[in-house]
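Reading through the structure tokens given below for one structure.
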Amino acid sequence: MHPAIELNQVSKIINKKKIINDISLSVFPGEVFGLLGPNGAGKTTTIRMIVGLMKTTSGSIYINGQNLASNFEKALSNVGAVVENPELYSFLSGWHNLKHYQRMAPGVTNERLAEVIQLVGLNERIHDKVKTYSLGMRQRLGLAQALLHQPKVLILDEPTNGLDPAGIREIRDYLRQLAEKENICVIVSSHLLSEMEKMCDRIAVIQKGEIIRVEKVADFVQHNKNEWFLEVTPAKKALAVARTITSNVSAEESGITVKLDKQQIPLLVSKLVAAQISVFMIRPAKQNTLEDQFLSITGGENVETV
Amino acid sequence: MKQFKQLVHNEIMKIFRRTATKIMFLLLLTVVIISGLVFRFMIMDNTVDDAAAGENGVSINIAAENDELSPGEQRQLEEQLLLQQYYEAEGVEPLTAEHVWNFVIANADTLSFITMFTVIIAAGIVAGEHTQGTIKLLLIRPVKRWKILLSKWTATMLFSFTMLIALIAFSWIVGLLFFQFNIGPSRWIEVVQGEIRDWHAGYYALIEYGLNFVSVIIMTTFAFMIGTVFRNTSLAIGLSLVAMFTGGQIVYLLSQYDWIKYVLFANTNLIQYVYNNPMIEGMTMPFSITMLSVYFAVFLAIATITFSKRDVAE
Ligand SMILES: Nc1ncnc2c1ncn2[C@@H]1O[C@H](COP(=O)(O)OP(=O)(O)O)[C@@H](O)[C@H]1O
Ligand SMILES: [Mg+2]
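Chains as they are written, first to last, in my numbering: chain A, 95 to 400; chain B, 40 to 353.
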């Protein structure tokens, strides 16, 4: 399968500062791909380069096989996007905003226009001025303009910003549906980890302008599977005992966390009991969500959690 | 081409659906009405008096021979005499002060309002998209940037042209209403460099408005360039209007230098050539048109290049 989007060693230097450092990515049709990183990591900058708002300093970008730099119009005709907030013409109605974008892409029929309005649920307010819209409605209108020309690639920068939980759920389901039913390549960025976990098939963790890992969400979450938390006293002594079995041990507030195969737990418990340590509880370590993963990867900088 | 038409359509929509634009047209109408009132009740009364005084051709004749008069006054009197003789010989009436065409012609100064309004539109048409952030969704379309920019310039010009038509129409209507539907003989007769020139008043008005409109185009393109390059509407409006109101003065003050004829404002007042009386000796209409074309091309080129190359990052 050919990638819908391909970034080859893309870098961006602004004012002599390297904002994006040698990013390479391939994203495929039918997948929801997440760009995950703390504020200032370079998610928006990466997206701006993909949609042609910024030029790359080095490297190349292909959209649907078309080189963005040399074949701008062809490449971009496959892309729909919202970059940061959906800033629309507030003095125009939602309808006139969409007419505006309809005129800028060839082959968008009035039927398609009506369909998209229906899809994002703006029928009743479409002829009102955008300045009277709530943030949620603006997000919907933003989505509508991105979908208008039936793009093969949909890029949404922080799409859940400012939405209530119901709205977030709705957009999540909708994006999954677009990928699965219409084989669209969906790229979303977020600093909200719990969101990405539920929405994406694959995630790239981006930090300080570099991609530090790209993985399937399933694998991502699996990583910490064999970690266990033991509530024990005295914890210090328990730590020493556990070290005789594995080096992957750390002290916690009211116990220890160890990393070892499930089969070895009875052995550890018997050793602890033999050493006169009280064992109150054993459970899988809590640190197995993407969020914790992410915090440990990025060192917890500037991360907002839900 | 179809795509370009669509782009211009978009820009026109964005200009004309703003409340500010509607207010501009109302203001223009107000200005014409005020001008009509002033003309009707102040200037016209005076000119009627003048006309009565001038009726006595003999007195002019005598006065012209009187060497107490300054050379300027003397020339004026000679020109009046020449006109008088022409009217009698041709059997035509001079365009009366209360004639509609006279009002339309006198109203050509109102064109500076059009310059002002168009400068405001031109200054904001790119810069405004940047400040409102709408530039992002505009530029991620499968359209080359220079086409978008050119469509914005074209729409600005169409706006300006619409204003021009509106101004002429308003002047006509107000003129008809205020001056008793006087559309009788309509010749515009003047003495130019000692010779009689007899034009149809409509033709004269067309030339006058047309030549003034050239300076609207060039000032507007200047504002458009500043707005595009600096992404700042107020700066573009300010610079353009200051340049417009002081440029002519400065050129006048420095008119003894030869290089001044290459300055934009030495060339914007094309009407001076209709009177064969350029401010700076030796300047000609073709020279000024060439200079204006060069400035115009440079302004548009600078705007297009910066707009096409720019990283949109706000
Ligand atoms: N136009 C710009 N000029 C200078 N620095 C910029 C510009 N845009 C972004 N940056 C810097 O680039 C980094 C990445 O920004 P951004 O891509 O917006 O991050 P994110 O979207 O991941 O929060 C930040 O450190 C930011 O300060
Ligand atoms: Mg961002």
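Built from N, CA and C at the ideal position, the CB exists for glycine as well. As the structure is a computational prediction, the values presented were derived from the model and not from experiment.
- The three-state secondary structure of residue 275 of chain A, taken from DSSP, is helix.
- Residue 133 of chain A has its CB nearer than 7 angstroms to a heavy atom of ligand 1.
- Judged by DSSP secondary structure, residue 327 of chain A falls within the beta strand (DSSP E) whose first and last residues are 321-327.
- For the pair of segments examined, the stretch 256-273 of chain B was found to touch the stretch 153-165 of chain B: the number of CB pairs separated by less than 8 angstroms reaches three.
- In the structure shown, residue 126 of chain A adopts extended strand secondary structure according to DSSP, grouped into three states.
- The DSSP-derived three-state label of residue 212 of chain A is helix.
- Beta-bridge pairing by DSSP links residue 376 of chain A to A:324.
- In the DSSP secondary-structure assignment, residue 351 of chain A is bridged to A:323, A:344.
- Residue environment analysis places residue 336 of chain B among the exposed positions, since fewer than 16 neighbouring C-beta atoms fall within 10 angstroms of its C-beta.
- Closest by C-alpha distance to residue 284 of chain B, out of B:353, B:186, B:154, B:212, is B:154.
- Counted as a single uninterrupted DSSP element, the alpha helix (DSSP H) harbouring residue 306 of chain B occupies residues 303-306.
- Chain A places no beta carbon closer than 8 angstroms to that of residue 167 of chain B, leaving this residue out of the contacts.
- Counting only runs of 4+ residues, the alpha helix (DSSP H) found wholly inside the stretch 260-333 of chain B occupies 272-292, 303-306, 310-313, in chain order.
- Neighbours of residue 98 of chain A in chain B, taken as residues at a C-beta separation under 7 angstroms, are lacking, since the least C-beta distance is about 16 angstroms.
- By the criterion of a C-beta distance shorter than 8 angstroms, residue 324 of chain B is surrounded in its chain by 309, 312, once the five residues flanking it on both sides are discounted.
- The criterion of a C-beta distance shorter than 8 angstroms is satisfied by residue 142 of chain B and residue 218 of chain B.
- Under the three-state reduction of DSSP output, residue 115 of chain B falls in the helix class.
- Per DSSP, the beta-bridge partners of residue 119 of chain A are A:101.
- 166, 167, 168, 169, 170, 171, 172, 173: these are the residues of the stretch 160-173 of chain A whose beta carbon lies less than 9 angstroms from some beta carbon of chain B, given in chain order.
- Within the chosen limit of 7 angstroms, ligand 1 does not reach the beta carbon of residue 157 of chain B with any heavy atom.
- Distance from residue 138 of chain A to residue 106 of chain A at the Cβ level is roughly 11 angstroms; contact not present, criterion being Cβ atoms closer than 8 angstroms.
- Contact check for residue 172 of chain A against residue 282 of chain A fails: the beta carbons are separated by 8 angstroms or more.
- Taking C-beta atoms under 8 angstroms as the contact rule, residue 371 of chain A and residue 332 of chain A qualify, at a distance of about 5 angstroms.
- Taking every protein chain shown into account, the CB of residue 296 of chain B has fewer than 16 other CB atoms within 10 angstroms, so this residue is exposed.
- Remark: C-beta atoms of residue 340 of chain B and residue 268 of chain B do not approach each other more closely than 8 angstroms.
- Proximity of residue 40 of chain B to chain A, defined by a Cβ-Cβ separation below 8 angstroms, is not satisfied.
- From the listed residues B:114, B:273, B:347, B:121, the smallest Cα separation to residue 170 of chain B is found for B:273.
- For residue 172 of chain B, the closest Cβ of chain A is nearer than 8 angstroms.
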